[in-house]
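J.: One structure is given below, represented as structure tokens, and several questions about it will come after.
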Amino acid sequence: MTPGLLQQVGPDGPLFAALLCGHALGDFVFQTSTMVERKKRLPGLALHVLVVALTHLALLAPWLGREALTAVAAIALAHALLDLGKGALARRGVGRPSWRFGLDQAGHLATLVLAALWLAAAAPAPRLPAVVPVASLTYALVVVTAYAFNVNGGGALVANVLRGLHLEEADDRATTQDEGGPVAEDPVTEDPVAEDPVAEDPDAPAAPAAAPAPASRARIGRLVGILERLLILTLVLGDQWGTVGLVLAAKSIARFKELDERQFSEYYLVGTLASVLTAVASGLAVRLLVGVPLP
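Okay, here's the thing in structure tokens:
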């Protein structure tokens with residue numbers, strides 16, 4: 023089997039995987055919708071950056087030392103500056119939310135690459151138990167990164183796709199922005215939170231006669247989107263491609279009657295395909311990084 027990209031860099035592969043995992047957990051799992059809203063003010067931003075820093079520290083425990091502490095401090099500072107910059111662009115209406123989200127994540131990734139290169143040269147060898155193979159550690163960290171990204175990062179991507187195509191209000195029953203709690207609860211904002219990692223994508227349940235409150239529908243839809251992406255990611259990693267089609271078929275059956283409405287069907291189709299593509303792409307990225315053969 024051909025070694026993955028991270029395995030080809032040798033013993034420094036787990037280091038970069040740990041940094042990636044720290045960012046994914048800090049930005050896409052541990053950052054709640056409340057933190058996103060409070061991040062617009064300095065104390066809220068400071069709390070988010072602190073969570074990101076502590077997450078990195080925990081994952082860099084095998085390399086812990088002065089060098090790792092310096093790297094985490096630099097990552098935290100860069101993270102704060104990038105978030106401040108993205109917020110400033112949003113307030114001025116510069117660019118689309120999807121562009122700002124992409125530029126922000128590209129900046130974080132560049133920071134992690136620089137930190138990994140510096141730590142690889144300066145930090146001591148990792149202190150790992152003899153029973154933990156380096157390849158297994160790398161694989162575990164990359165897989166956790168993919169799952170963490172699909173919790174909320176994938177939802178942000180889907181929400182931005184819908185917004186870019188002006189489909190986010192195609193279904194006036196789904197003030198939920200579907201599967202997107204934080205966005206859906208404030209659908210009239212000029213620059214909703216959808217560019218942030220906790221924003222979500224489309225599939226909130228339709229409102230029957232005795233429908234739950236919009237916020238409740240948003241939470242249900244958000245959970246549906248997360249579970250869909252996590253399930254498809256699991257199937258991709260397990261090479262169960264045929265079952266992916268069954269998941270999509272089951273989901274379509276559940277919304278069959280609503281698909282007669284053209285606007286909703288377009289909204290549903292684009293959102294679902296974008297969500298599935300995100301999960302599949304992240305699964306293929308895992309296989310590429312750790313050396314699992316691509317189909």
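So that you can map any letter, position 149 of the sequence shown is 171 in our numbering, and since no number is skipped, the others follow by simple counting.
The beta carbon of each residue, even a glycine, is placed where N, CA and C say it ideally should be.
Closest to A93 by C-alpha separation, out of A296, R118, A142, would be which residue?
T.: In the sequence shown, the residue the question calls residue 93 occupies position 71. For the residues A296, R118, A142, the minimum Cα distance to A93 belongs to A142.
J.: In chain order, what residues of the same chain have a beta carbon less than 6 Å from the beta carbon of G305, not counting five sequence neighbours either side?
T.: For this step, residue 305 is matched to residue 283 along the sequence shown. The residues are L255, V258, L259.
J.: Looking at the structure shown, is P36 part of a helix, part of a strand, or coil, going by DSSP?
T.: The residue labelled residue 36 in the question sits at position 14 within the sequence shown. Residue state, collapsed to three classes: helix.
J.: In this structure, how does DSSP classify L67 when only helix, strand and coil are distinguished?
T.: Mapped onto the sequence shown, residue 67 falls at position 45. DSSP places L67 in helix when its eight states are reduced to three.
J.: Give the range of the alpha helix (DSSP H) segment to which D261 is assigned.
T.: Along the sequence shown, read from residue 1 onward, the residue named residue 261 stands at position 239. Neither: D261 is in no alpha helix (DSSP H) and is coded neither H nor E.
J.: Would you call A102 buried or exposed, if buried means 16 or more other Cβ atoms sit within 10 Å of its Cβ?
T.: As a working note, residue 102 is residue 80 in the sequence shown. Buried, because 16 or more other Cβ atoms sit within 10 Å of the Cβ of A102.
J.: According to DSSP, simplified to helix, strand and coil, what is V154?
T.: For this step, residue 154 is matched to residue 132 along the sequence shown. Correct three-state label for V154: coil.
J.: Between H70, V51, A83, V180, which lies nearest to T294 when the distance is taken from Cα to Cα?
T.: Here residue 294 corresponds to residue number 272 of the sequence shown, with the count starting at 1. Ranking H70, V51, A83, V180 by Cα distance to T294 puts V180 first.
J.: So, with DSSP's three-state summary, where would you put F123?
T.: Your numbering for residue 123 matches position 101 in the sequence shown. DSSP places F123 in helix when its eight states are reduced to three.
J.: Please identify the residue among R122, Q262, A145, A162 whose C-alpha is closest to the C-alpha of A40.
T.: Here residue 40 refers to the residue found at position 18 of the sequence shown. The option with the nearest alpha carbon to A40 is A162.
J.: Taking only three categories from DSSP, how would you classify R195?
T.: For this step, residue 195 is matched to residue 173 along the sequence shown. The predicted position of R195 is uncertain, since its pLDDT is 36 and thus under 50; a value taken from the coordinates is nonetheless stated next. Three-state result, R195: coil.
J.: List the whole-angstrom C-beta distance separating V165 from V308, where the pair is believed to meet the contact cut-off of C-beta under 8 Å.
T.: Translated into positions along the sequence shown, residue 165 becomes position 143. Translated into positions along the sequence shown, residue 308 becomes position 286. Confirmed, about 6 Å.
J.: Could you please give the first and the last residue of the uninterrupted alpha helix (DSSP H) stretch that includes V116?
T.: As a working mapping, residue 116 is identified with position 94 in the sequence shown. Unbroken run through V116: none, as it is neither H nor E.
J.: Straight-line CA distance for F123 to A132?
T.: Taking the sequence shown and counting its residues from 1, the one referred to as residue 123 is at position 101. Taking the sequence shown and counting its residues from 1, the one referred to as residue 132 is at position 110. So the alpha carbons of these two residues sit roughly 14 Å apart.
J.: Express the C-alpha separation of R114 and W121 in angstroms, rounding to a whole number.
T.: Counted from its first residue, the sequence shown places residue 121 at position 99. Counted from its first residue, the sequence shown places residue 114 at position 92. W121 and R114: Cα-Cα distance of roughly 14 Å.
J.: For A138, which residues in the same chain have their Cβ closer than 6 Å to its Cβ, ignoring the five residues on either side in sequence?
T.: Position 116 of the sequence shown holds residue 138. If we look at A138 and ignore the five residues flanking it on each side, its Cβ neighbours are L37, F38, L41.
J.: Please name the residue in P84, K61, A80 whose C-alpha comes closest to that of K108.
T.: Counting from 1 along the sequence shown, the entry for residue 108 is found at position 86. The shortest C-alpha separation from K108 is found at K61.
J.: Is it right to say P119 is buried, meaning 16 or more other beta carbons lie within 10 angstroms of its own, or is it exposed?
T.: Start at 1 with the first residue of the sequence shown, and residue 119 comes out as number 97. Label assigned to P119: buried.
J.: Looking at C-alpha atoms only, which residue of A144, E288, N174, V156 is the closest neighbour of G87?
T.: Position 65 of the sequence shown, counted from the first residue, corresponds to residue 87. Of A144, E288, N174, V156, the residue nearest in Cα terms is A144.
J.: Suppose you measure from the CA of A296 to the CA of A75; what does that come to, to the nearest Å?
T.: The sequence position of residue 296 within the sequence shown is 274, counting from 1. The sequence position of residue 75 within the sequence shown is 53, counting from 1. Looking at the two C-alpha atoms, the distance is approximately 31 Å.
J.: What residue does the alpha helix (DSSP H) around T54 start on, and which one ends it?
T.: Taking the sequence shown and counting its residues from 1, the one referred to as residue 54 is at position 32. Per DSSP, T54 belongs to no alpha helix (DSSP H) and is neither H nor E.
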